[in-house]
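Visitor: In the working numbering, the protein residues as written are 1 to 167. Every residue, glycine too, gets a C-beta built ideally from N, C-alpha and C.
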Amino acid sequence: MSKSTENLETAFAGESQANRKYLFFAEQADKEGHRQIARLFRAAAEAETVHARKHLTVLEGIRSTGDNLQAAVGGEHYEFTEMYPEFIRQAEAEGESKARTSFDLANQVEKVHHVLFKAALDMLEKKQAPEDKTFYVCQVCGYTVEGEAPDKCPICGAPKVKFKPVD
Ligand code: FE2
Ligand code: FE2
Ligand code: FE2
Numbered sequence: 001m002s003k004s005t006e007n008l009e010t011a012f013a014g015e016s017q018a019n020r021k022y023l024f025f026a027e028q029a030d031k032e033g034h035r036q037i038a039r040l041f042r043a044a045a046e047a048e049t050v051h052a053r054k055h056l057t058v059l060e061g062i063r064s065t066g067d068n069l070q071a072a073v074g075g076e077h078y079e080f081t082e083m084y085p086e087f088i089r090q091a092e093a094e095g096e097s098k099a100r101t102s103f104d105l106a107n108q109v110e111k112v113h114h115v116l117f118k119a120a121l122d123m124l125e126k127k128q129a130p131e132d133k134t135f136y137v138c139q140v141c142g143y144t145v146e147g148e149a150p151d152k153c154p155i156c157g158a159p160k161v162k163f164k165p166v167d
């Protein structure tokens with residue numbers, strides 16, 4: 001791998017993080033009544049997205065939907081089989097209970113994502129069109145479900161009102 005490829009990956013990771021961070025900072029600024037600062041954070045976040053997209057495009061990281069689903073299946077699988085189990089073990093060893101909970105909730109949701117992506121990939125390969133359905137995402141743990149939000153989140157126990165529709 002050339003140094004520039006490595007640098008593109010580092011830059012993509014950094015810009016992606018800055019995007020997400022600025023959107024959270026905007027929510028906080030709105031909560032504190034700083035409307036214009038919230039807009040500034042959202043505008044900069046939008047620009048970081050432009051940078052992230054460009055870097056990933058140069059890396060040829062955005063391909064056909066079949067390839068992208070495969071990448072998603074692989075990424076989610078890595079997270080719940082290697083990354084999070086190790087992070088959970090380390091958090092336990094260090095007695096970091098908040099970190100452990102955060103990792104554990106994400107870990108459980110990545111398994112669900114893996115199943116959803118795998119099913120979508122299988123259907124795409126068989127040239128079957130999936131049904132038109134809204135997804136719902138638990139705003140406490142990220143649990144992701146197709147069609148209808150459950151009365152109670154099966155992962156974190158949050159009530160139905162905590163689910164956000166995604167179209
Ligand atoms: Fe940037
Ligand atoms: Fe995921
Ligand atoms: Fe949840």
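1) Find the nearest neighbour of residue 130 within the set 146, 62, 136 and 41, judged by alpha-carbon distance.
2) Just to confirm, does residue 51 get its C-beta within under 7 Å of one of the non-hydrogen atoms of ligand 1?
3) With a threshold of 16 other CB atoms inside 10 Å of the CB of residue 62, please say whether the residue is buried or exposed.
4) Counting pairs of beta carbons, one from the stretch 121-129 and one from the stretch 62-80, are three or more of them closer than 8 Å?
5) Suppose only complete runs of 3+ residues qualify. What are the beta strand (DSSP E) ranges in the stretch 80-138, listed by chain order?
6) Going along the chain, which unbroken runs of the alpha helix (DSSP H) with 4 or more residues stay wholly within the stretch 16-75?
Guide: Here's the rundown:
1) Selected option, being the one with the closest Cα: 146.
2) Yes.
3) Residue 62 sits exposed, since fewer than 16 C-beta atoms from the chains shown fall within 10 Å of its C-beta.
4) Yes, the stretch 121-129 touches the stretch 62-80.
5) Listed in chain order, they are 135-138.
6) If we require 4 residues or more, the alpha helix (DSSP H) runs fully inside the stretch 16-75 come out as 35-58.
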